[in-house]
Structures are given as C-alpha cells and as structure tokens.
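Inspection log for the structure reproduced underneath, given as structure tokens.
4 protein chains.
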Amino acid sequence: MPIPIKVAADSPEPMYHQIEVQLRGLIVSGQLAEGTLLPSIREMATDLNCSVITIRRVYQDLENEGLLRTRQGTGTFVAAVSVQDRQGYRTEAVKEAVQAAFETAKRVQFTREEMQQLLDETIEEWYPAAANPEKEDL
Amino acid sequence: MPIPIKVAADSPEPMYHQIEVQLRGLIVSGQLAEGTLLPSIREMATDLNCSVITIRRVYQDLENEGLLRTRQGTGTFVAAVSVQDRQGYRTEAVKEAVQAAFETAKRVQFTREEMQQLLDETIEEWYPAAANPEKEDL
Amino acid sequence: MPIPIKVAADSPEPMYHQIEVQLRGLIVSGQLAEGTLLPSIREMATDLNCSVITIRRVYQDLENEGLLRTRQGTGTFVAAVSVQDRQGYRTEAVKEAVQAAFETAKRVQFTREEMQQLLDETIEEWYPAAANPEKEDL
Amino acid sequence: MPIPIKVAADSPEPMYHQIEVQLRGLIVSGQLAEGTLLPSIREMATDLNCSVITIRRVYQDLENEGLLRTRQGTGTFVAAVSVQDRQGYRTEAVKEAVQAAFETAKRVQFTREEMQQLLDETIEEWYPAAANPEKEDL
DNA sequence: GTGGTCTAGACCACC
DNA sequence: GTGGTCTAGACCACG
Chain A
1 MPIPIKVAAD
11 SPEPMYHQIE
21 VQLRGLIVSG
31 QLAEGTLLPS
41 IREMATDLNC
51 SVITIRRVYQ
61 DLENEGLLRT
71 RQGTGTFVAA
81 VSVQDRQGYR
91 TEAVKEAVQA
101 AFETAKRVQF
111 TREEMQQLLD
121 ETIEEWYPAA
131 ANPEKEDL
Chain B
1001 MPIPIKVAAD
1011 SPEPMYHQIE
1021 VQLRGLIVSG
1031 QLAEGTLLPS
1041 IREMATDLNC
1051 SVITIRRVYQ
1061 DLENEGLLRT
1071 RQGTGTFVAA
1081 VSVQDRQGYR
1091 TEAVKEAVQA
1101 AFETAKRVQF
1111 TREEMQQLLD
1121 ETIEEWYPAA
1131 ANPEKEDL
Chain C
2001 MPIPIKVAAD
2011 SPEPMYHQIE
2021 VQLRGLIVSG
2031 QLAEGTLLPS
2041 IREMATDLNC
2051 SVITIRRVYQ
2061 DLENEGLLRT
2071 RQGTGTFVAA
2081 VSVQDRQGYR
2091 TEAVKEAVQA
2101 AFETAKRVQF
2111 TREEMQQLLD
2121 ETIEEWYPAA
2131 ANPEKEDL
Chain D
3001 MPIPIKVAAD
3011 SPEPMYHQIE
3021 VQLRGLIVSG
3031 QLAEGTLLPS
3041 IREMATDLNC
3051 SVITIRRVYQ
3061 DLENEGLLRT
3071 RQGTGTFVAA
3081 VSVQDRQGYR
3091 TEAVKEAVQA
3101 AFETAKRVQF
3111 TREEMQQLLD
3121 ETIEEWYPAA
3131 ANPEKEDL
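Protein chains in written order, with the working numbering: chain A, 1 to 138; chain B, 1001 to 1138; chain C, 2001 to 2138; chain D, 3001 to 3138.
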C-alpha cells in the first residue's frame, strides 16, 4: 500500500480537501520523510480513482504551503520542513478540532461533567486500554 | 438582545449554516423554550445583516428537522421536542465533533499522552476549575 | 473598459500568470479600490476570451495572497490590504525586475556607463520629458 | 573552475534555461573566446549535476543561434561571431530586461521620481561608486 | 516518463 | 445570478 489515503466520493467534503488533509497528516507526522518521491499525479489519480486535475490541485496546494516541492519532468517530493514547523502543523490541526468540539459542547450547554465523561470514553475508544486503565478525571 | 446569534460574513462557512448551528443549539439546549415565537424572517435578516433568502432557508431547514413550526400568517415557533430527542440532538452534535478531533489526532499520530494533556488543558480553559463541581444546567 | 487587462494568447507566458500580474498591479497600485466588486469569473472569462477555469485560478491565487476576498454566491471583491502591505507589494515587484535587469547587465559585462546611459534613455522614453529635462547622471 | 555557471535546482526556472542564459552571457561578453572548446556534454552534466539531456539541449539551442559549433567526434566550440552580432546580443538582452522593469513600474504606477531613485540606488549597489569612472571592460 | 497549462462543459452550493 | 468542484481529454515543456 504505497500511500494510505482513502477518499469518500459521496462525502459532501470535496475530494481534494479530503486528500489534502490526509497527505498533510502523513507529512507533518513524519510518516512521509523529507525527500520522499510521491507517486506521479497520474498514478495517484488512478489509485484514488479521481481526475489528475484533482491530484494536481492537491500537490499544488501543499506546495504553496511549503510541504511539497515539485520539479517539472522530475516529480513531486516531500519538502524540507523545520522540526518546529512540523510540530506547529501537527498540534495546530488537533487543537483546532478540539476547540471546535468544545464550542459545540458549550453551545448546547454541556456541563463539565458531561464533557469530561464523553472525552474519557472516547479516549479509551481511540487509544484502547493502557495496562492500568486508571481514571484520572477530577 | 432578542436572539444571541453571530455570523461572520467573511468566514468560509456559509452563512445559512452558521445560523442553523447556533439556532439549533439554542433550541435543543432549552435556551429557546417550546412555543417561543421567533423573529420574523425580515426582522432576523435585518438583525443578522443578511438576505431574507438565507433566513428563509434556515427556518425551513429547522422546520424540516422538526425543531420549528410555521403557522401561516402568525409566525415561526419553537416546536415541541421530546426530552429524548432533545438529549439525542445535544449529545449527537458534540459526539460528532469529538470524534472528528480524535480522527485528526490519530492522523498526525498524537500519542494518548499528548491528547490527554491537550484535552485536560482545554477543559480547564472552557470550564474553569470549580473547587466543587456545580451543575450549571438550565 | 471595465478592467483594463490584456492577454497575449501566443505568449509563452501562461495566460493565468499574465492576468495575475496585471490584476495584482491594479490592486496594489490602488487603481482597484478596496471593496470593489470584480467581474464574475464567467464575465471576465468572456472578456478576456479564455476559460472560466483560468479566471477562477487567477482569482483563487490572488485570494491566497490575501488581495481578493470571495464569497460564494456573491462575488469576488478587492480585499482590505494594509497600506504597508500595499507599498511592500508595489516596490517589491519593481525591485525584483530592476535587479533582474542588472543581473543581465553584469552577465554580459555592461559597464556602469553603458548601463547608466541605457537607463537614462529608457526613463526618458517611459516618463517623457519633464519641463527641464536635465541629465543628472554622475 | 572551468565554466563558471551555477544552477539552482529548486528554482522554478528550468535548468536548461538557466544554463543557456549564463553560457550565452559568457560567449557574447567575450569571456569565452571564439574557438574555445567547451567541456563535453557528459563532463558538463556531471559538473552541473544535471542530466546529459539537459546539456545536450543547451548546446543545441546555442548552436541553432549560431553561438556554438559542433564538430563530429571533436567537440563543441565557441563559434565565430561578428563584433556587430556580439554587440547586438549584448545590448538586446539588457534592453529587454530594462524594458520589463519599466513595464512593471508603470503597472504599479511608479512615479518618475520613485523609479529614478530606485535606479540610482541600484546602480550604486551593482557598480559601486568609483571616484573616477574607470572602464572595467574585458 | 514527469509536471504545467488550458479547454469545454457539467453539476452543485449559496444568495 | 454568483462561486466551488470535478471530469475527460488535450497539448506543451522538461529531464
């Protein structure tokens, strides 16, 4: 599995955006190392079952962000990103999503207890059971 | 301040959606009680500085969801919603946002510890530590 | 003449780039004031005799630069740009071109005198005769 | 240092073009005298860390312009160029670049004064003030 | 082979 | 009406 990216063609979220988010994640988390040659736009388009235009847009957007570097006739590479920037990207994305969740919670007047419980449950679900699954709320 | 809703005209999020989310929150959290008469479409449009078409769409969408009821010539009211539905709405929205946050975290390979710490910080920020956790519902 | 932009279809320079450069110039020089509504992408495409895709790209690139602001269903506007940024854009573009000219001159070993004379001639050509066209070289 | 040419692999400008411009400059300015034997394609490619195809193209383009001559099995030489042509090449390139700079200046509505000052500064920077302007030709 | 540009046309979302 | 996305396919430039 060359590039582990999945797109939901029926999602309201634009394909190009789904791909960008995932590719960005692979890069800033270091799963795609600096200098890695990405699949050609045509290859990627075939893999993900979409138009080359869509992939081109993805690559170009990420190049504009400084995460990719592309050379005509050669291919598209993962750019050199400072460790600092890399960390920035990583945490920024997660923080944003977490803030959004709390906004929603406040909007429907979730109490601290309700939110705490929901988060505890969810973290257990996504990062299953440490050896000693101690509750550390309050 | 009749209806506490704010729209950001320069946000990429469509106006109608910003308004819907907030209005839905006011209803399912009980801040707008059943039977409450909402401002007329024109009034609302003026208040929020947007087109009547936009408000019309909001009212209609929420009516389709069963949260509003329109009486010809009289106005638009908050519909009767079962306590059960109310709770469903509330938690569903928050759960969705929380799931999204965890997806993002996984994508950039946040560890359980990183996520736990971020959540702890954020809950402290949004629900400032009360020495003895009091319910602030309703 | 709504928007004074010209494209040379036979130039090796991509159309989208020709348009971007000119539109950017109109904005940063203040000829298109902040808040101005630009022609719709379809209108512009017809005017300039190119595809809507090409115009869309132009508008989007300039939006990414912060020079335009677009709202779906409404149109594309000249964004608020700080006077500072505006000046930055203006001089940067010219400086770049001037530097390029001097690089070329150095490359073919133009002497200072040759260059000085060429510049004097050219400035006279582009900014014709002040009342007392005094030579101020040396 | 056999041939003083530098290529920026990460520049948007195609390698072949970077090389052509510099090589052309070396020839028309007389830094590479008529009859000089250029490095072989393979050697040049190794030196500049690029493909032989790229160098092949460069040599061929310049041969088409009449600046180089290739002798089967012998190598590539700097061709005989009339003094007149030489001068033509030299000034043409610089004039073009200068025109481009003025176009940019006009586009952002630089005043004559702004342009004059920028040029004065830049010439001072590239041709640092000699008390008595000496020719540094050849 | 690679990426870069452009077309014509379609469908959707928004106002 | 507006902009936003996507397609299928073409042609060019680069290595």
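For every residue, glycine included, the Cβ atom is placed at its ideal position computed from N, Cα and C.
Exercise. For L37(A), count neighbouring Cβ atoms within 10 angstroms of its own Cβ and tell me buried if that reaches 16, exposed if not.
Key: So L37(A) ends up on the exposed side.
Quiz item: How should G1025(B) be labelled, buried or exposed, when 16 other C-beta atoms within 10 angstroms of its C-beta is the threshold for buried?
Solution: buried
Quiz prompt | For V3094(D) and A3105(D), the rounded distance between their alpha carbons | solution = Taking the straight line from one Cα to the other gives about 17 Å.
Quiz item: Taking the alpha carbon of E3065(D) as the point to measure from, which residue in A3079(D), G3075(D) and T3074(D) has its own alpha carbon closest?
Solution: A3079(D)
Practice problem: Specify, as a first and last residue, the run of the alpha helix (DSSP H) that G1088(B) falls within. | Solution: V1083 to R1107
Quiz item: Taking Cβ positions only, does M15(A) come closer than 8 Å to chain B?
Solution: Not an interface residue.
Quiz item: For I3055(D), does the count of other Cβ atoms within 10 angstroms reach 16, so buried, or fall short, so exposed?
Solution: buried
Self-check item: N-terminal and C-terminal residue of the beta strand (DSSP E) that G3075(D) is part of
Solution: G3075 to V3078 is the span of the beta strand (DSSP E), which, as asked, contains G3075(D).
Exercise. Taking C-beta pairs closer than 8 Å, name the residues in chain A that S1029(B) reaches, listed in chain order.
Key: R107, V108 and Q109
Self-check item: Contact set for R86(A): own chain, Cβ-Cβ below 6 Å, skip 5 residues either direction
Solution: For R86(A), the CB contacts under 6 Å within the same chain, skipping 5 residues up- and downstream, are V28 in chain order.
Practice problem: State the beta-bridge partners of R69(A) as determined by DSSP. | Solution: R69(A) is bridged by DSSP to F77(A).
Quiz item: Under the rule that 16 or more other beta-carbon atoms within 10 Å means buried, what is V83(A), buried or exposed?
Solution: Only exposed fits V83(A), as fewer than 16 other CB atoms lie within 10 angstroms of its CB.
Quiz item: With DSSP run on the structure shown, which of helix, strand or coil describes L38(A)?
Solution: coil
Self-check item: Own chain partners of M3015(D) with C-beta closer than 6 Å, once the 5 adjacent residues on each side are dropped
Solution: Excluding residues within five positions, the ones whose Cβ falls inside 6 Å are V3007, C3050 and T3054.
Self-check item: For Y3145(D), three-class secondary structure by DSSP
Solution: Look at the range of chain D in this structure, 3001 to 3138, and you will see that residue 3145(D) is not part of it.
Quiz item: What is the DSSP secondary structure of G3030(D), reduced to helix, strand or coil?
Solution: coil
Practice problem: Starting from the Cα of L977(B), find the closest Cα among R1107(B), E1043(B), Y1127(B) and G1035(B) and give me that residue. | Solution: There is simply no residue 977(B) to check, as chain B begins at 1001 and stops at 1138 in what is shown.
Practice problem: Select from E3114(D), G3075(D) and E3020(D) the residue whose C-alpha is nearest the C-alpha of R2090(C). | Solution: Of the listed residues, the one whose Cα sits closest to R2090(C) is E3114(D).
Quiz item: Could you give the distance in angstroms between the alpha-carbon of L3032(D) and the alpha-carbon of V58(A)?
Solution: Answer to the nearest angstrom: the Cα atoms are 45 Å apart.
Self-check item: Where T1076(B) falls, given that 16 or more other Cβ within 10 Å makes a residue buried
Solution: Flag for T1076(B) reads buried.
Exercise. Name, please, each residue of chain A whose Cβ falls closer than 7 Å to the Cβ of G1025(B).
Key: R107 and V108
Quiz item: Considering only C-alpha positions, which residue in the set Q1109(B), D1061(B) and E1043(B) is nearest to V1021(B)?
Solution: D1061(B)
Quiz item: Is V3052(D) helix, strand or coil by DSSP?
Solution: helix
Quiz prompt | Spatial distance of E1013(B) from D3047(D) (CA atoms) | solution = Taking the straight line joining both Cα atoms gives about 53 Å.
Quiz prompt | Which listed residue (P2128(C), F2102(C) and E2125(C)) has its alpha carbon closest to that of D3120(D) | solution = F2102(C)
Quiz item: Which term fits A2097(C), buried or exposed, when burial requires 16 or more other beta carbons within 10 angstroms of its beta carbon?
Solution: buried
Quiz prompt | Residue from Q1117(B), L1118(B), I1123(B) and V1108(B) with nearest C-alpha to R112(A) | solution = Ranking Q1117(B), L1118(B), I1123(B) and V1108(B) by Cα distance to R112(A) puts I1123(B) first.
Quiz item: Got a sec: is the Cβ-Cβ distance from I1123(B) to anything in chain A below 8 Å?
Solution: yes
Quiz item: How would you label R107(A), buried or exposed, when you count the other beta carbons within 10 angstroms and need 16 or more for buried?
Solution: The residue in question, R107(A), is buried, as its Cβ has 16 or more Cβ neighbours within 10 Å.
Self-check item: Under 9 Å (Cβ pairs) to chain C, residues found in the stretch 3077 to 3100 of chain D
Solution: Y3089, R3090, T3091, A3093, V3094, K3095, E3096, A3097, V3098, Q3099 and A3100
Practice problem: Give the C-beta separation of I2019(C) and I2005(C) to the nearest angstrom, bearing in mind that I take them to be a contact with Cβ-Cβ under 8 Å. | Solution: Contact between I2019(C) and I2005(C) holds: their C-beta atoms lie close to 6 Å from each other, under 8 Å.
Practice problem: Can you have a look at Q1117(B) and say buried or exposed, based on whether 16 or more other CB atoms are within 10 angstroms of its CB? | Solution: By the 10 Å Cβ count, Q1117(B) comes out exposed.
Quiz item: Under a CB-based cut-off of 8 Å, is T3104(D) close to chain C?
Solution: yes
Quiz item: If you run the structure through DSSP and keep just helix, strand and coil, what is E2063(C)?
Solution: helix
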